[in-house]
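Participant: Its first residue numbered 1, the sequence shown is counted upward by one per residue in UniProt numbering. All C-beta atoms, glycine included, are put in the ideal place defined by N, C-alpha and C.
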Amino acid sequence: MALVPPLLRAALPSVPLVNQLPGVKKAPAAGFSGLTRTRPPVTVEREHVEAFARVCGFPRKDDVPLPYPHLLAFDQQMAIMSDPAFPAPAIGTVHLENSITRHRRIAVGETLSVLAHVGAPVPHPKGTVYDFVTEVRAVDGPDAGELVWQETSSYLRRGTPDPAASFGTVLPEAEPSGVVWRLPADLGRRYAAVSGDRNPIHLYPLTAKALGFRRQIAHGMWTMARCVAALENRLPDAVRVDVAFKKPVFLPGSVAFGSAPVDGGYAFSLSSPSSGTSHLAGRTTAV
């Protein structure tokens, strides 16, 4: 299995019969307590940062865009999801929420350590949620070992509902402010090229239809990043950003952005310009 590409390895548990093979078959959720993966220290490269910034709408700077370190942990998250000990197949698991806390700005050229961890499953009214926690720490200098960035990504695996469980974070509303972004058909492929997230639902109409979508959809993390880019010059160095992903954004398509001041930060949103359907709700909070 070590020679199988990560995306294929992640998809195999969703294939009937194949998903019963040793090394592919998933362990039951009962008794699962968690998994952790790390990577060797990584130096932030300007070329990669600028490619991410171009796709997501950030200006060119000497520090990284707030969501950028998510990319540094993507392989670790995929390794966890692909592990037979992790109960849920990656394909079909839905990204519900994301929370990022930046404790300080991270400079281009810094060397960082990256750890990804998932704990025991959490009941949800529609199934089970797995919270993936990422910790990014400084490696060199006087603040070596300091936690500089952290993230919680919450993923839903539909299944036996728990009516008593929480639906998740409640976020303030932000009405559209007249800004409409038109998203090209190849946006998913462009973001995949810099993020490494080549889930077929984001790439082409045919690959998306094979997984139940009428055509390809934008990455949730791109929608978060694009909203943060619109607010970037108003955010403090130490800040938390929370988002809830609502309905998928089909490509090509258009989305209306909205933002409004709230206590300690900003509420923001993405919605359909025609129907008003909510795609994303979020807020920033100074820390």
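(1) Among Gly196, Val148, Ser99, whose alpha-carbon lies nearest the alpha-carbon of Gly168?
(2) Counting C-beta neighbours from all protein chains within 10 Å, is the total for Leu147 16 or more, i.e. buried, or is it exposed?
(3) Determine the direct distance from the alpha carbon of Lys246 to that of His103, and round the result to whole angstroms.
(4) From this set, Leu115, Leu96, Pro87, Ile201, which residue's C-alpha is nearest Gln76's C-alpha?
(5) Residues bridged to Ala238 by DSSP?
(6) Based on Cα-Cα distance, which residue from Ser259, Gly264, Asp263 lies nearest to Ser271?
(7) Using a 10 Å radius around the Cβ and a threshold of 16 neighbouring Cβ atoms, would you call Pro248 buried or exposed?
(8) Hey, out of Asp62, Leu203, Pro41, whose CA is closest to Glu47's CA?
(9) So His117 is in the beta strand (DSSP E); what residue range does that whole segment cover?
(10) Here's the rule: buried if 16 or more other CB atoms are within 10 angstroms of the residue's CB, otherwise exposed. What is Asp242?
(11) What does the alpha-carbon distance come out to for the pair Glu135 and Arg39?
(12) Using 8 Å as the cut-off, can you tell me whether the segment 263 to 278 makes contact with the segment 167 to 181, which would need three or more C-beta pairs spanning the two stretches below that distance?
(13) Among Arg37, Gly57, Phe32, which one has its Cα closest to the Cα of Tyr191?
(14) Out of Phe213, Lys209, Met221, which one is the CA nearest neighbour of Gly196?
(15) Give me the residue from Trp149, Gly119, Leu171 with the minimum Cα distance to residue 349.
Facilitator: Result, derived from the coordinates:
(1) Sequence index remark: in the sequence shown, residue 168 carries index 168 (1-based). Closest option to Gly168, Cα to Cα, is Ser99.
(2) Here residue 147 refers to the residue found at position 147 when the sequence shown is read from its first residue. So Leu147 counts as exposed.
(3) On the sequence shown, position 103 is the one that residue 103 refers to. On the sequence shown, position 246 is the one that residue 246 refers to. Spanning the two alpha carbons is a distance of roughly 27 Å.
(4) Stepping through the sequence shown from its first residue, residue 76 is reached at position 76. Nearest option by C-alpha distance: Leu115.
(5) As a first step, residue 238 is located in the sequence shown; it is residue number 238 there, counting from the start. BP columns for Ala238 are empty, so no partner.
(6) Position 271 of the sequence shown holds residue 271. Ranking the options by Cα distance to Ser271, first place goes to Ser259.
(7) Here residue 248 is taken as the residue at index 248 of the sequence shown, counted from 1. Its Cβ being crowded by 16 or more others within 10 Å, Pro248 is buried.
(8) Position 47 of the sequence shown holds residue 47. Checking every option, the nearest Cα to that of Glu47 belongs to Asp62.
(9) Walking along the sequence shown from the start, residue 117 turns up at place 117. Counting along the chain, the beta strand (DSSP E) containing His117 begins and ends at 111 to 119.
(10) Residue mapping note: residue 242 aligns to position 242 of the sequence shown, counting from 1. By the neighbour-count rule (16 or more Cβ atoms within 10 Å), Asp242 is buried.
(11) The residue given as residue 135 occupies position 135 in the sequence shown. The residue given as residue 39 occupies position 39 in the sequence shown. Distance between the alpha carbons of Glu135 and Arg39: 11 Å.
(12) yes
(13) Taking the first residue of the sequence shown as 1, we reach residue 191 at position 191. For Tyr191, the nearest C-alpha among the options comes from Gly57.
(14) Start at 1 with the first residue of the sequence shown, and residue 196 comes out as number 196. Among Phe213, Lys209, Met221, the Cα nearest to that of Gly196 belongs to Met221.
(15) Residue coverage of the chain in this structure runs from 1 to 287, which leaves residue 349 outside it and unanswerable.
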